[in-house]
Amino acid sequence: MNVDPANAAGSHTHNRTTYHFCSTHCVEKFKANPDKYLHPQASREEMPAGRYTCPMHPEILQDGFGTCPICGMALEPVEVSLEDQRNPELDDMSRRFWVSLPFTIPVVTLGMLHRYEQAQLLLSLPVVLWCGKPIFERGWQSLRTRALNMFTLLALGIGAAFLLSTMSILFAPMLPHEMHGAVYFEAAAAIVSLVLLGQVLELRARARTGEAIRSLLHLAPKTARRLEGDQEHDVPLDQVSKGDRLRVRPGERVPVDGIVEEGSSSIDESMVTGEAAPVEKQPASRVTGGTLNGTGAFVMRADRVGRETLLAQIVKLVSEAQRSRAPIQKLADRAAAVFVPAVVAVSLLTFSVWMIWGPQPALAYAVLNAIGVLVIACPCALGLATPISVMVGTGRGAQAGILVRDAGAIETLARIDTLVIDKTGTLTEGKPKLIRMEPDDPALLRIAASLEQSSEHPLASAVLAAARERGLMPAPVERFGYLPGKGVVGVVEGRAAALGNPKLMESLGLPMPEATALAVDNQVVATFTFDDPPKADAAESVQGLTGEGVHIAMATGDQRATAERIARAVGISEVHAALPPADKHALVERLAKEGKTVAMAGDGINDAPALAAAHAGIAMGNGTDVAIQSAGIILVKGDLKGILRARRLAKAVLRNIKQNLFFAFCYNLLGVPVAAGIFYPFTGLLLSPMIAAAAMTFSSVSVIINALRLRRLAL
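Residue 3 is where the sequence shown starts when you use the working numbering, and the numbers rise one by one after that.
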């Protein structure tokens, strides 16, 4: 067996099928019992291309279509595509269901009349042996691999009903008198048809969980208008290369990520940010592929194409999140581990009790009730409860600019009680302006701009903008250094220079000013005052979060006076100012040790240690890059309103999961006793196996329908 050491997942090839595993734990399980993961399936040539996984067991990842070797469910494509992907499982189950109906209806009719048992046998043969073939194949596979699942129970129930009925007809003289006339063909045929119908409905509903990703993929245009000298040509999108100049006309979608070179327009970026208001674009502005251009026209230069675009990154992240498992899933996993064996035991107990103490005909009561227990207790709804909600919820989040890296982040975010948040770009506009420099010396401003030209900090943009307004050109910098949480240093035209906050000046052994300062040749020579007003909706968002019981603390590297002014404006009472990244990390750790469930929201670069230390890390994106490894939640547009939307999404998804689990558990807790006939002595109530099959189908489909409600969640 070959396990890729560079990939914790690893892989194994067996009979031309490559199985991939998402964790070392899964690899070890495969080593211990490889047959558990192998199952009969069509040859590679007969299977659609691509990689497939199980929605209930994401550790199963294989090349080509098949069924899950653990639960027996049909695998789904890992990557959603725009093309209508043929679902062989849906085609097969639909065909078998429609073939079963013309045979099942007369079998059930004759069974109700208790006549023509031989005709019932002949009519039920194609239903059970051909239409029900996948049920028996997966049931046998579950027994062979000892991974008992819903098909184990179904195969046992249908097989018992059909074999007992066949024996009572073909071998009647050799059997006890009690078995004469014990015919249950209508139950066997009806259960097969209802299970097939349930599979068809479930597969169709599951296909709708990928609509959110598919809608995002539809946003990318199929062609782009490329400028080549004096000529323009429409070319397929996959032929666009980095550096190409593209024209975007009014009403068109931006083809790829890039930078505006000529012209101006307003662009609807709601598909990636969740914000409906159009965003004005001028030369040097960034534009995102898939966003909708307004009435203006512009020429852009492509700088991210193919899988590098923001849209492609979003689709990749959502697909990965949908295959992750929420911690709450462990509850269902523990229950499922003992559920099927327990149900088989209850079914045998039911049979024995009815045979010994049941009224006549005791055998008929015993068989029907035992089969009813097997059928109604199928744990499919229990297994689907969590992953289906995660799939739909993460897709809905992507449409609102909320990207989830893993399902565990959703559950944690829903339970936070404390939010530590950065200031610049989240509470404020993130576009500070230099409003005062003391002394106002162009030569010193040029030195400051020279240092800042290699920095990505928001204050750097303000210094550079002020220098450009005065026509000052930055000079080359030697030995440039960036000190996180402090500032920048370097040598400008032979002079040692440093620009940053008081902590930088202190580390250089210089007097600590009260504002950002410039030091040249080991002397503080200038101070800078910036203004970055709070966002218009910041106060409303703070109020919304505090109204949901979340305590907000500001943690910023800015000076206390500036931080407290912004905090008062938006309604935040707890302020931690002048904090370098290490101190933000320490703050998050301290709050966690105090028993608080902490979320940290930051830019994903300077705040990476604090994001990693928090129970829930929220990376505030900038609309161009979502590859931030330190956070479980990524907001394409980083602001407090996005955090509020993410919190509402998380609570809605967790609530939906709990609803599904409650329904699945209650369904089985109530259904099994009824099917066993426990209420018969008091009410005379018994549950037909056919009704049990219909109820089992309804439970699975209802869980999926409940999860699909998240697609319409208002954020």
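The C-beta atom is built at its ideal place from N, Cα and C for all residues, glycine as well.
**Selection from 204, 524, 518 that minimises the alpha carbon distance to residue 512** = Taking the sequence shown and counting its residues from 1, the one referred to as residue 512 is at position 510. In terms of Cα proximity to residue 512, the closest of 204, 524, 518 is 524.
**Message:** Using the Cβ count rule (16 or more neighbours within 10 Å means buried), how would you classify residue 354?
**Reply:** The sequence position of residue 354 within the sequence shown is 352, counting from 1. Burial call: exposed.
**Request:** With a floor of 3 residues, list each beta strand (DSSP E) that falls wholly inside the region 95 to 161, ordered by position along the chain.
**Result:** Within the region 95 to 161, no complete beta strand (DSSP E) run reaches 3 residues.
**Message:** Using C-beta distances below 6 Å, list every residue in its chain close to residue 557, excluding the 5 sequence neighbours before and after it, in chain order.
**Reply:** Against the sequence shown, residue 557 aligns to sequence position 555. Within the same chain, residue 557 has close Cβ partners 422, 578, 581, 586, 589.
**Asked** Comparing alpha-carbon positions, which option in 352, 323, 329 lies nearest residue 681?
**Response** As a working mapping, residue 681 is identified with position 679 in the sequence shown. Of the listed residues, the one whose Cα sits closest to residue 681 is 352.
**Prompt:** Cβ atoms of residue 153 and residue 134: under 7 Å apart, would you say?
**Reply:** Along the sequence shown, one-based indexing puts residue 134 at 132. Along the sequence shown, one-based indexing puts residue 153 at 151. Their beta carbons are not under 7 Å apart, which means residue 134 does not touch residue 153 by this criterion.
**Item:** Reduced DSSP secondary structure (H/G/I, E/B, other) of residue 424
**Value:** Reading the sequence shown from its first residue, position 422 is the one you call residue 424. It is coil, neither helix nor strand.
**Prompt:** Should residue 257 go down as buried or exposed, given a rule of 16 or more other Cβ atoms within 10 Å for buried?
**Reply:** Residue numbering aside, residue 257 sits at position 255 when the sequence shown is read from its first letter. Residue environment for residue 257: buried (at least 16 other C-beta atoms within 10 angstroms of its C-beta).
**Item:** Sufficient close CB pairs (3 or more, under 8 Å) joining the region 188 to 201 to the region 214 to 234
**Value:** With a cut-off of 8 Å, the region 214 to 234 and the region 188 to 201 do not count as touching, because too few Cβ pairs lie within range.
**Alpha-carbon spacing of residue 445 relative to residue 395, whole angstroms** = Here residue 445 refers to the residue found at position 443 when the sequence shown is read from its first residue. Here residue 395 refers to the residue found at position 393 when the sequence shown is read from its first residue. Roughly 55 Å between the two C-alpha positions.
**Prompt:** By Cβ distance, which residues of its chain are closer than 6 Å to residue 688, with the 5 residues on each side in sequence left out?
**Reply:** What you label residue 688 is simply residue 686 of the sequence shown in a count that begins at 1. The residues are 679, 682.
**Residue ranges of each alpha helix (DSSP H) within the region 439 to 471, 4 or longer** = Taking only runs of at least 4 residues, the alpha helix (DSSP H) segments lying wholly in the region 439 to 471 are 444 to 454, 460 to 471.
**Message:** Residues in the same chain with beta-carbon distance under 7 Å from residue 28, minus the five sequence neighbours each way, listed in chain order, please.
**Reply:** Position 26 of the sequence shown, counted from the start, is the residue given in the question as residue 28. Because the pLDDT of residue 28 is 42, which lies under 50, any placement of that residue in the model is unreliable, and the question is left without a value.
**Message:** Given this structure, state the Cα-to-Cα distance separating residue 489 from residue 474, to the nearest angstrom.
**Reply:** As a first step, residue 489 is located in the sequence shown; it is residue number 487 there, counting from the start. As a first step, residue 474 is located in the sequence shown; it is residue number 472 there, counting from the start. Just so you know, the alpha carbons of residue 489 and residue 474 end up roughly 21 Å apart.
**Message:** Measuring straight from C-alpha to C-alpha, what distance separates residue 41 and residue 146?
**Reply:** Taking the first residue of the sequence shown as position 1, residue 41 is located at position 39. Taking the first residue of the sequence shown as position 1, residue 146 is located at position 144. Note that residue 41 has pLDDT 38, beneath the 50 cutoff, so the model's placement of it is unreliable and the number below is only indicative. Near 10 Å, if we compare the C-alpha coordinates of residue 146 and residue 41.
**Asked** Which ranges would you report for the beta strand (DSSP E) in the region 573 to 620 if only whole runs of at least 3 residues count?
**Response** Fully contained in the region 573 to 620 are the following beta strand (DSSP E) runs of length 3 or more, in chain order: 576 to 578, 600 to 604.
**Asked** Do you know offhand how far residue 164's Cα is from residue 677's?
**Response** Stepping through the sequence shown from its first residue, residue 164 is reached at position 162. Stepping through the sequence shown from its first residue, residue 677 is reached at position 675. Taken atom to atom, the span from the alpha-carbon of residue 164 to that of residue 677 is near 19 Å.
**Every unbroken beta strand (DSSP E) inside the region 526 to 566 [3 residues or more]** = Qualifying beta strand (DSSP E) stretches, in chain order: 553 to 557.
**Asked** For residue 26, is the classification buried or exposed, using 16 other Cβ atoms within 10 angstroms of its Cβ as the cut-off for buried?
**Response** Counting from 1 along the sequence shown, the entry for residue 26 is found at position 24. Residue placement at residue 26 cannot be trusted, given a pLDDT of 39 that sits under 50; what the coordinates show is reported in the next sentence. The residue is exposed, with fewer than 16 neighbouring Cβ atoms inside 10 Å.
**Spatial distance of residue 182 from residue 409 (CA atoms)** = Counting from one through the sequence shown, the residue named residue 182 turns up at place 180. Counting from one through the sequence shown, the residue named residue 409 turns up at place 407. Only weak support is given to the placement of residue 182: the predicted model assigns it a pLDDT of 49, under 50, and the value that follows is read from those uncertain coordinates. So the two alpha carbons sit approximately 55 Å from each other.
**Prompt:** Below 7 Å between beta carbons: does that hold for residue 109 and residue 125?
**Reply:** Reading the sequence shown from its first residue, position 107 is the one you call residue 109. Reading the sequence shown from its first residue, position 123 is the one you call residue 125. Contact: yes.
**Message:** Counting beta carbon pairs with one atom in the region 696 to 716 and one in the region 202 to 211, are three or more of them shorter than 8 Å?
**Reply:** Contact between the region 202 to 211 and the region 696 to 716 is present: three or more C-beta pairs spanning the two stretches fall below 8 Å.
**Request:** Please check the pair residue 691 and residue 113, which I expect to be a contact at CB under 8 Å, by giving their CB distance rounded to whole angstroms.
**Result:** Here residue 691 corresponds to residue number 689 of the sequence shown, with the count starting at 1. Here residue 113 corresponds to residue number 111 of the sequence shown, with the count starting at 1. Between the beta-carbon of residue 691 and that of residue 113 there is about 11 Å, and that puts the pair past the 8 Å contact cut.
**With 16 other Cβ atoms within 10 Å as the buried cut-off, status of residue 543** = Reading the sequence shown from its first residue, position 541 is the one you call residue 543. With 16 or more other Cβ atoms within 10 Å, it is buried.
**Request:** Check whether the Cβ atoms of residue 264 and residue 289 lie closer than 7 Å to each other.
**Result:** Locating residue 264 in the sequence shown gives position 262, counting from the first residue. Locating residue 289 in the sequence shown gives position 287, counting from the first residue. No. Outside cutoff.
**Prompt:** According to the neighbour-count rule (16 or more other Cβ atoms, all chains shown, within 10 Å of its Cβ), is residue 712 buried or exposed?
**Reply:** Reading the sequence shown from its first residue, position 710 is the one you call residue 712. By the 10 Å Cβ count, residue 712 comes out buried.
**Prompt:** Helix or strand or just coil, what does DSSP make of residue 300?
**Reply:** Residue mapping note: residue 300 aligns to position 298 of the sequence shown, counting from 1. Strand at residue 300.
**Prompt:** For residue 230, which of helix, strand or coil comes out of DSSP?
**Reply:** Against the sequence shown, residue 230 aligns to sequence position 228. If DSSP states are grouped into helix, strand and coil, residue 230 belongs with the strands.
**Message:** Using the Cβ count rule (16 or more neighbours within 10 Å means buried), how would you classify residue 476?
**Reply:** As a first step, residue 476 must be located in the sequence shown, where it is residue number 474. Residue 476 comes out buried.
**Asked** Does the ligand FAD have a heavy atom nearer than 6 Å to the CB of residue 586?
**Response** The model depicted lacks the ligand FAD and carries no ligand whatsoever.
**Prompt:** Thinking C-alpha only, which one of 149, 91, 636 is nearest residue 340?
**Reply:** Sequence index remark: in the sequence shown, residue 340 carries index 338 (1-based). It is 149.
**Request:** Under 8 Å by Cβ, that's how I've got residue 594 and residue 620 pegged, so tell me the actual separation to the nearest angstrom.
**Result:** Counting from one through the sequence shown, the residue named residue 594 turns up at place 592. Counting from one through the sequence shown, the residue named residue 620 turns up at place 618. About 15 Å; that fails the 8 Å criterion.
**Request:** Please report how far the alpha carbon of residue 553 lies from the alpha carbon of residue 597, in whole angstroms.
**Result:** As a first step, residue 553 is located in the sequence shown; it is residue number 551 there, counting from the start. As a first step, residue 597 is located in the sequence shown; it is residue number 595 there, counting from the start. Those two C-alpha atoms are separated by around 13 Å.
**Request:** Output the boundary residues of the beta strand (DSSP E) element that contains residue 54.
**Result:** The residue given as residue 54 occupies position 52 in the sequence shown. Segment 53 to 55, the beta strand (DSSP E) holding residue 54.
**Prompt:** Quick one: what's got a C-beta closer than 7 Å to residue 385's C-beta in the same chain, skipping five residues either side?
**Reply:** For this step, residue 385 is matched to residue 383 along the sequence shown. Correct list, in chain order: 58, 73, 334, 338.
**Message:** Here's the rule I'm using: 16 or more other beta-carbon atoms within 10 Å means buried, otherwise exposed. How should residue 332 be labelled?
**Reply:** Numbered from its first residue, the sequence shown carries residue 332 at position 330. Counting the other CB atoms within 10 Å of its CB gives residue 332 a total below 16, which places it among the exposed residues.
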